[in-house]
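Working notes, beginning with the structure itself.
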Amino acid sequence: MRRQRHYRSWLAREGLVPFRVQVKETDLYILARTPLEQEAEEAIITFRHQLESYLTENPLFVESLVPLPLDPRAPEIVREMLTASQKAGVGPMAGVAGAMAEFVGKTLLSETPEVVVENGGDIFLQSSTERKIGIFADRSPLNMRVGIRVPPERTPVGICTSSGTVGHSTSFGKADAVCVISSSTALADAAATAVGNLVQGKGDIEQALEWGRTIPGVEGIVIIVADALGAWGGYELVKL
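Residue numbers (numbering that gives the first Met the number 0): 0 to 239.
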């Protein structure tokens with residue numbers, strides 16, 4: 000676990016206070032104007048309870064690797080995950096980390112004008128200044144050498160990274176990193192999984208980018224396989 004989380008120390012902290020909040024399996028690294036551990040913990044407990052209650056009554060939600068029908072009676076966080084999965088063509092749990100980051104982050108915005116919530120490589124960002132988000136690609140020589148420049152006017156935004164070579168999330172691909180940007184963090188998470196499933200090697204980068212850009216709501220994609228990189232979208236890449 001330590002190997003998977005040490006990238007947190009590389010998140011830009013200018014003007015923000017870092018803190019970590021963990022409730023059961025949910026482990027969030029948060030940057031905000033002031034320490035908000037209690038508020039973050041309460042938000043996590045609230046959204047976990049909503050998810051856990053729904054999963055108890057709907058076990059297929061956890062097991063399915065394909066989209067499920069929308070459920071208008073479900074809690075908002077569940078509806079967001081169902082919508083994201085339908086757009087990306089994956090199971091609804093593919094967006095759970097991004098959804099939790101976004102819903103906790105938006106809750107904290109009542110206490111802070113800026114917040115970064117990181118959940119296992121999935122980031123919800125609201126900022127009043129330009130931020131650079133590094134891409135964690137583990138064994139690649141490009142690991143944390145490439146970042147995405149995010150101007151404040153494009154926030155709130157979700158920036159989510161899936162990997163076929165590191166982490167515990169289900170992936171059928173072999174990319175070192177597939178990073179997706181969207182105004183919906185749940186969608187960015189689900190789409191990163193979907194695009195990552197298509198990448199078995201360097202030769203798949205172009206085709207995966209072409210397919211990923213057709214997902215409604217996706218604003219940018221970066222794929223890293225070893226020393227190769229491909230990108231699409233309206234965001235600027237920067238050297239770190």
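Just so you know, even glycine gets a beta-carbon here, dropped at the ideal spot from N, CA and C.
Predicted, not measured: the structure shown is a model, and the values here were computed from it.
Using DSSP with H/G/I as helix, E/B as strand and the rest coil, what is Leu64? coil
Let me make sure I understand the geometry here. Which of Arg47, Val89, Lys86 has the alpha-carbon closest to that of Glu75? Arg47
Excluding sequence positions up to five away, which residues of its chain have a Cβ less than 7 Å from the Cβ of His167? Note on His167: pLDDT 47, under 50, position unreliable in the model; no value is reported.
Please go through the same chain and pick out, in chain order, the residues whose beta-carbon is closer than 6 Å to the beta-carbon of Leu124, but skip the five residues on each side of it. Val115, Thr154, Val156
In whole angstroms, what separates the C-alpha of Leu240 from that of Val89? This structure leaves residue 240 out entirely; the chain is present only between 0 and 239.
Short of 7 Å in beta carbon distance, which residues of its chain neighbour Val95, apart from the five on each side in sequence? Order them along the chain. Met80
In its own chain, which residues sit with a C-beta less than 7 Å from the C-beta of Glu235, not counting the 5 before and 5 after it? Arg148
With 16 other Cβ atoms within 10 Å as the buried cut-off, status of Glu38: buried
Please classify Glu113: is it buried, with 16 or more other beta-carbons within 10 angstroms of its beta-carbon, or exposed? buried
Compute the distance between the beta-carbons of Val224 and Lys201, then report whether it is under 8 Å. yes
Output needed for Gly172: all residues of its chain with C-beta closer than 7 Å, excluding positions within five of it in sequence on either side, in chain order. Gly163, Gly195, Asn196, Leu197, Val198, Gln199
Helix, strand or coil at Pro140 [DSSP, three-state]: coil
Using only alpha-carbon positions, find the residue among Ala193, Gly211, Ala100 that is nearest to Gly248. The structure shown has nothing for residue 248, since the chain only spans 0 to 239.
Which residue from Thr192, Leu186, Ala207, Asp175 puts its Cα closest to that of Val77? Leu186
Give me, in chain order, the residues of the same chain whose beta-carbon lies closer than 6 Å to that of Glu117; leave out the 5 immediate sequence neighbours on both sides. Tyr28
Neighbour-count burial assignment, Gly97, 16 or more Cβ in a 10 Å radius: buried
Alpha carbons only, please: which of Ala31, Ala83, Met92, Ile43 is nearest the one belonging to Val61? Met92
Over the uninterrupted beta strand (DSSP E) stretch that includes Thr25, give me the two end residues. 25-31
When you compare only the Cα positions, how much space is there between Arg138 and Trp231? 22 Å
Assuming Ala42 and Leu141 are in contact, meaning their beta carbons sit under 8 Å apart, how far apart are those beta carbons, in whole angstroms? Not a contact, Cβ separation roughly 34 Å.
Please list the terminal residues of the continuous alpha helix (DSSP H) segment that includes Ser46. First, the amino acid is wrong: residue 46 is Phe here, not Ser. First-last of the alpha helix (DSSP H) with Phe46: 36-56.
Between Leu54 and the rest of its own chain, which residues show a CB-CB distance below 6 Å, the 5 nearest in sequence each way excluded? Phe60, Val61
Measure the CB-CB distance between Gly146 and Ile132 and report whether it falls below 8 Å. yes
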